[in-house]
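Here is the structure we will look at, set down as structure tokens.
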Amino acid sequence: MKIIKAPFKFSGGVHPPDKKIFSNAAPLQDLPLPAILKVPFVQHLGAPAKAVVKKGDKVKRGDLIAAASGFISASVHAPTSGTVKGFESLPTAVGRSVEHCVIESDGLDERSELLQPFPDWETRDVSELIERVADAGVVGMGGAGFPTSVKINPPPNKKVHTLIINGAECEPYLTADHRMMLDRTEDVWLGIQIVRKILDVKTVYICIEENKQDAIEKFSKIECDDDVMIVSLKTYYPHGSEKQQIYVTLGYEVPSGGLPADIGCVVGNIGTSVAVKEAVVDGWPLDSRCVTVTGEVVVNPGNFIVRCGTSYDELFEAAGGFRENPAKVISGGPMMGFAVANTDVTVTKTTSGILAQSLAQTMRFTSLPCISCGRCNDVCPMKLLPSDMSCAIEADDIDAAIRLNVSDCFECGCCSYVCPSHRPLVQHFRRAKGVAALNKMLKAKEMEEKAAQARAEAQKKCEIAHAESEAKIESDQIQVAVVKDEISRAWGESVDAHPGAEQSVEASNGKDDNAKPGEQEITE
Amino acid sequence: MDLNLIFTTTAVISVIGLVCGILLAFIAKKFGEKEDPRVALVEDVLPGANCGGCGYAGCAAYARAIVLDDAPLNLCIPSGPKTLEALSRVTGRAGGEMVEPLMAVILCSGDRNAAQRQSDYNGISDCSAANVVAGGWKACAYGCLGFGTCARMCAFGAISIRDGLAVVDPELCTGCGACAKVCPRMLIKIVPRKHKINIMCSSLERGAVVRKICEKGCIGCTMCVRLENNPETLSMNGALARIDYSKEPIKNEGVIEKCPVKCIVKIG
Amino acid sequence: MIETANPDSMLITSTSPHIHEGTSVRRLMFDVIISLLPSLAASLVFFKFRSLLLVAVCTGSAVGTEWLCRKAMKRNNSIGDLSAVVTGLLLALTLPPGLPLWQAILGSVFAIAIAKQIYGGIGYNPFNPALVGRAFMLISFTAAMTTWSPSDWIGKPGDETANAHEAVTSATIRKYQKLDVDATTTATPLGLVKDSCRFGEPANAAFNYTNEVRRNLLIGNVNGSIGETSAIAILLGLAWLLIRRTFTWHATVGYMGTMALFAWILQLAGSKLAMPVDFHLLSGGALFGAVFMATDLVTSPVSKWGRFIFGIGCGFITMIIRVVPGGAYPEGGTFAILIMNAVTPLINRAMRYRRFGAVRKTQQEKVA
Chain D
7 MKIIKAPFKF SGGVHPPDKK IFSNAAPLQD LPLPAILKVP FVQHLGAPAK AVVKKGDKVK
67 RGDLIAAASG FISASVHAPT SGTVKGFESL PTAVGRSVEH CVIESDGLDE RSELLQPFPD
127 WETRDVSELI ERVADAGVVG MGGAGFPTSV KINPPPNKKV HTLIINGAEC EPYLTADHRM
187 MLDRTEDVWL GIQIVRKILD VKTVYICIEE NKQDAIEKFS KIECDDDVMI VSLKTYYPHG
247 SEKQQIYVTL GYEVPSGGLP ADIGCVVGNI GTSVAVKEAV VDGWPLDSRC VTVTGEVVVN
307 PGNFIVRCGT SYDELFEAAG GFRENPAKVI SGGPMMGFAV ANTDVTVTKT TSGILAQSLA
367 QTMRFTSLPC ISCGRCNDVC PMKLLPSDMS CAIEADDIDA AIRLNVSDCF ECGCCSYVCP
427 SHRPLVQHFR RAKGVAALNK MLKAKEMEEK AAQARAEAQK KCEIAHAESE AKIESDQIQV
487 AVVKDEISRA WGESVDAHPG AEQSVEASNG KDDNAKPGEQ EITE
Chain Y
93 MDLNLIFTTT AVISVIGLVC GILLAFIAKK FGEKEDPRVA LVEDVLPGAN CGGCGYAGCA
153 AYARAIVLDD APLNLCIPSG PKTLEALSRV TGRAGGEMVE PLMAVILCSG DRNAAQRQSD
213 YNGISDCSAA NVVAGGWKAC AYGCLGFGTC ARMCAFGAIS IRDGLAVVDP ELCTGCGACA
273 KVCPRMLIKI VPRKHKINIM CSSLERGAVV RKICEKGCIG CTMCVRLENN PETLSMNGAL
333 ARIDYSKEPI KNEGVIEKCP VKCIVKIG
Chain G
2 MIETANPDSM LITSTSPHIH EGTSVRRLMF DVIISLLPSL AASLVFFKFR SLLLVAVCTG
62 SAVGTEWLCR KAMKRNNSIG DLSAVVTGLL LALTLPPGLP LWQAILGSVF AIAIAKQIYG
122 GIGYNPFNPA LVGRAFMLIS FTAAMTTWSP SDWIGKPGDE TANAHEAVTS ATIRKYQKLD
182 VDATTTATPL GLVKDSCRFG EPANAAFNYT NEVRRNLLIG NVNGSIGETS AIAILLGLAW
242 LLIRRTFTWH ATVGYMGTMA LFAWILQLAG SKLAMPVDFH LLSGGALFGA VFMATDLVTS
302 PVSKWGRFIF GIGCGFITMI IRVVPGGAYP EGGTFAILIM NAVTPLINRA MRYRRFGAVR
362 KTQQEKVA
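Residue numbers (our numbering), protein chains in the order written: chain D, 7 to 530; chain Y, 93 to 360; chain G, 2 to 369.
So, in structure tokens, the structure goes:
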């Protein structure tokens, strides 16, 4: 494989100390199987999966326990064999309350034969492969958890020409992808080939940061055609963001609010490649992942293959516990990870690492005013104006923040990282997005109510109009009867005997110049 | 001081003022935006709190809507029937029935003493901001976060924060609904004032979970539902007893006494 | 649950990021204080005890005012961020050595209370507090603020350094003595130039701009505000601030570059008002302003090139005030920077970065 230097450089970004030394030498190791697994039904971006098992059901590893519901959703599979003990609503690492399936392991760890292996994937149909990736519940394992089956199946009007595999792992401390690339090079490569076949693209770039020389070397030894290249990136944050990665590799900017597919790119992740390989070649659903357990206070930091649903406590135990009590536990890396409220939360498909910080290491946010030094604007990789946006949000002017494109912010944290006032800028932006979403929902609700009210009013009007027209018909009939009566009196015989009479009376009704004024009033 | 100078100055300035005044008056007459004089009349009658409870952006906008778009007169809930009368006098239109008097209730009673904390929150003192950090500092995912975002929104100063819990003062509350729009957990309900008895909990968790994290959370014992015995007004929604505010209020005051966690409260 | 190190025995939760570069407002201000030390030392050498007294009085009253204001407004105490110390120091270094102390105190009280705390404290002030204080004094106590009583060092007659100083000042003063100039005061080089222009003579006729004068300007052996005279000391401070990345070079370079260009064009045009380029750069308070005042984070634009434009504006206005013959002030740095402070929001609006993903047409075509 050819190695090229990244030809472009994006504006902004920071260079935090990478601190990967703690765990980048520790090879992947399997975590001992826990006795109880609590598998959340939302491990991805999109609609929660729907449970398909009941309390007391026996499951084997790889059995479906919750099926995808909707287009953007992903199935969840049993991570080991055992019994379903029930369902519990528990907080996830992000703090959201989510339904969890509690599985008691029987210790046998039997595999189910739900999905047939496709060792002959090269001759299989593309649609079959996409369906397999969806059935295996594969999601992007970089953090967001976008369902991979949707990502690798772009709409036909978007022609994909380039596949980028994200091996940047620019977050400090994390080494899960790094170890994957070193210890499971073949699987990663096989997965990339499968995705390449599905997308039918020629050009593949594997982006790896320079601080992972050994991984670059290992990949460069793979024999392949010249369209697959390793792009060596400078160690810089946030190279792992897909928009920035596309930019440094190809020089294209993903349009604001758009997806990489809009400019013909798909960005995949190292872990996801392995998951695709396992799903297709081995017929194994995605039920485990590589997690880096690290931090200065962890005794033996390492990289573990962990079943989804394992509690963080088990992981810290496997890493030898703590040197000193941590003050903060972070799910993910220190730049974009979520601080968890308690360590009883479980590993999901998107947990790339867990990091423990001592009290001295934890950073404290303050609410000091912005001194408009402009550093946040300089380092923002999206070239937004964090200083202006945060001041607007502080003044509760969410609309102003939206006008300043707060929705383009992907919360990389560069602005807060450099802020001399230690302002919680990312929190401001997340708040703005949350409030905007809430307002949107309330507005939709209000519109719905208004529509219902309008409907009711229209109906009421209809009813009134109906009643009025009924009354009119009735009065008309009375009139007709009166006229008939008069005619009959005039003619001295029953009108009924003359079939044409009624018609003529009706035609003259209201227009009759000879009609008495009082009667006309009634008709009108 | 030269007296002459003083006179000249005064004269010059007076002339300038006069000329400018005439010019301004002329411009205002010629190019000024003509506002319907009735709008100002109507606006005078309105309370001027700009709470937005009527659904318009402030009192001026509502006044314009009344005069120009024939908006109903009975939308200004805070000001009460007297204003309605005055409005109908000014506009010469029938005011219609005053909308039922409303007030806000915050359906949570877990103050700092009752509700468990789950973490040491470090960030912005704002509910919608705290809500996005690991689900807030409260162990209960449904409880009031107590940073007072609603209190900041209240134009009448009716909401105060007591021990980390937002509390509505029914005397000051006008039911405009500004607070309900900003609560990230949607705990604030705008309800008819006749509903004196309220169940102050919104947790949909099972009783066992609620009991662990909050002393005053509804545990779903169904005691109140059985006492009231009217599924129309009071029923169970999973593990939470819930009042239907669109129906008649609860009659049986015994539920307050019988509630084992004391989360049923009489307000007003 | 696990045991935690937090005194609350609960894990700390906050949004990402969970690490920080390590900068803080306090550290930024501390760096500015360190960068002012060379100028402070120079002022001690040239103006002796008097400068020390001024600096102490200004800094003390600035910090005291800050404390009182925060107390009165029932806000949290903000002395810890050292910004009041910086304001006091900056103000003191821009004052003439002979200024009565009560005026200095009044100036720093005005700077902190009116120019800073009334707006809400650090971060909210639209104008540089130290410069507002100085402008206030310049207008209120014009005589005292433009009276340059000779310092101990320069003033010893017969001294070698005094002889060197002669070259700059005495001759010209004698020249204009007929014009009622107080014999006990000496003038700054810029003041002499201004006087010369005012009476219709060529600017460079004010005194002979020799290498010796040049050297005196560089080390600070001239009359002027206590911290502004020594160019070398100021440049040392600038180097420290650039190394510590307290700010970028844009505002300073824009300021000095524009002044140099302006002076050079005047010289090329053969104007009567022209002085050598390096004279304009080294004399007066322009350099001090360009390094310490125009770079004030709060009141200068947020983007790099915005600061560059800010600097250009400052340089231009400074030169206009300096060379226009009818002007009242020989030096224009204070007003130039204050005027540009007012323009800062406009520059901020105009000089936004191009947003990532706000796609240009050419790129769309390229992709298509």
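A virtual CB, placed ideally from N, CA and C, is assigned to each residue, including glycine.
Leaving out five residues on either side along the sequence, give the residues of the same chain with a beta carbon under 7 angstroms from the beta carbon of residue i.
i: Lys165/D; result: Gly270
i: Ser217/Y; result: Phe239
i: Asn389/Y; result: What is shown of chain Y runs 93 to 360, which leaves residue 389/Y out entirely.
i: Phe142/G; result: Gln104
i: Cys386/D; result: Gly18, Pro392, Cys420, Cys421
i: Phe261/G; result: What sits at residue 261/G in the sequence shown is Ala, not Phe. Closer than 7 angstroms at Cβ, skipping near neighbours: Val278, Leu282.
i: Cys271/Y; result: Ala196, Cys242, Met245, Cys246, Ile251, Ile280
i: Asn1/G; result: Because chain G is modelled from 2 through 369, residue 1/G falls outside the range shown and cannot be assessed.
Hey, how far is the Cα of residue i from the Cα of residue j?
i: Ile170/D; j: Ala221/D; result: 16 angstroms
i: Trp149/G; j: Ala120/Y; result: 56 angstroms
i: Asp268/D; j: Val108/D; result: 40 angstroms
i: Gly343/D; j: Ala80/D; result: 22 angstroms
i: Thr86/D; j: Gly215/Y; result: 39 angstroms
i: Gly19/D; j: Val303/G; result: 17 angstroms
i: Ser171/Y; j: Arg185/Y; result: 18 angstroms
i: Pro22/D; j: Arg277/Y; result: 36 angstroms
i: Lys522/D; j: Asp491/D; result: Note on Lys522/D: pLDDT 45, under 50, position unreliable in the model; the coordinate value appears next. About 14 angstroms.
i: Ala359/G; j: Ser262/D; result: 6 angstroms
i: Gln459/D; j: Ile253/Y; result: 36 angstroms
i: Val58/D; j: Val139/D; result: 19 angstroms
i: Asn142/Y; j: Cys275/Y; result: 19 angstroms
i: Gly264/D; j: Ile399/D; result: 24 angstroms
i: Phe93/D; j: Lys44/D; result: 9 angstroms
i: Trp265/G; j: Leu53/G; result: 37 angstroms
Got a sec? Which residues, its chain only, sit under 6 angstroms from residue i by beta carbon, not counting five neighbours each side?
i: Asn344/Y; result: Leu319, Glu320
i: Leu133/Y; result: Val182
i: Gly269/Y; result: Gly145, Ile282
i: Gly89/G; result: Cys59, Thr60, Ala63, Ser109
i: Lys66/D; result: Ser87, Glu116, Ser118
i: Asp24/D; result: Pro178, Asn217
i: Asp126/D; result: none
Please list the partners that residue i has in chain D, where partner means a Cβ-to-Cβ separation under 8 angstroms.
i: Pro39/G; result: Residues of chain D passing the Cβ test: none, with the nearest at roughly 23 angstroms.
Name the chain D residues that come within less than 7 angstroms of residue i, Cβ to Cβ?
i: Val299/G; result: Ile377, Ser378
i: Ala157/Y; result: None at all; the shortest Cβ gap to chain D is about 15 angstroms.
In chain G, which residues lie with their C-beta within 8 angstroms of the C-beta of residue i?
i: Ala226/Y; result: Thr14
Taking Cβ-Cβ distances shorter than 9 angstroms, what residues in chain G pair up with residue i?
i: Val26/D; result: Position check: residue 26/D holds Lys in this sequence, whereas Val was assumed. Here the premise fails: no neighbours, minimum Cβ distance about 14 angstroms.
i: Ala345/D; result: Leu12, Ile13, Thr14, Ser15, Thr16, Ser17, His19
So residue i contacts chain Y; which residues on that side make the cut at Cβ distance below 8 angstroms?
i: Val441/D; result: Ser220, Val274, Pro276
Mind listing the chain D neighbours of residue i? Cutoff is C-beta to C-beta under 9 angstroms, in chain order.
i: Asn223/Y; result: Gly101, Arg437, Gly440
- Message: Which runs of the alpha helix (DSSP H) at least 4 residues long sit entirely within the stretch 392-458 of chain D? Give them in chain order.
- Response: 392-400, 404-409, 420-424
- Task: Taking only beta carbons into account, state which residues of the stretch 188-217 of chain Y come closer than 8 angstroms to chain D, listed in chain order.
- Result: Gln210, Ser211, Asn214, Gly215, Ile216, Ser217
- Item | alpha helix (DSSP H) segments (min. 4 residues) lying fully within the stretch 204-264 of chain Y | 219-222, 241-245
- Message: To be precise: take each residue of the stretch 121-132 of chain G, compare its Cβ to all Cβ atoms of chain D, and keep it if any distance is under 9 angstroms. Which residues remain?
- Response: Gly121, Gly122, Ile123, Gly124, Tyr125
- Query: Which runs of the beta strand (DSSP E), 3 residues or longer, sit entirely within the stretch 243-283 of chain D?
  - Reply: 271-275
- Entirely within the stretch 45-98 of chain G and at least 3 residues each: give me those beta strand (DSSP E) ranges in chain order. List check, beta strand (DSSP E) in window: nothing returned.
- Residues within the stretch 326-340 of chain D neighbouring chain G, beta-carbon criterion of under 7 angstroms: Glu330, Asn331, Pro332, Ala333, Lys334, Val335, Ile336, Pro340
- Query: What residues from the stretch 295-314 of chain Y come within 7 angstroms of chain D, judged by C-beta to C-beta, listed N to C?
  - Reply: So the close ones are Glu297.
- Item | the stretch 21-52 of chain G: positions lying closer than 8 angstroms to chain D by Cβ | His21, Glu22, Thr24, Ser25, Val26, Arg28, Leu29
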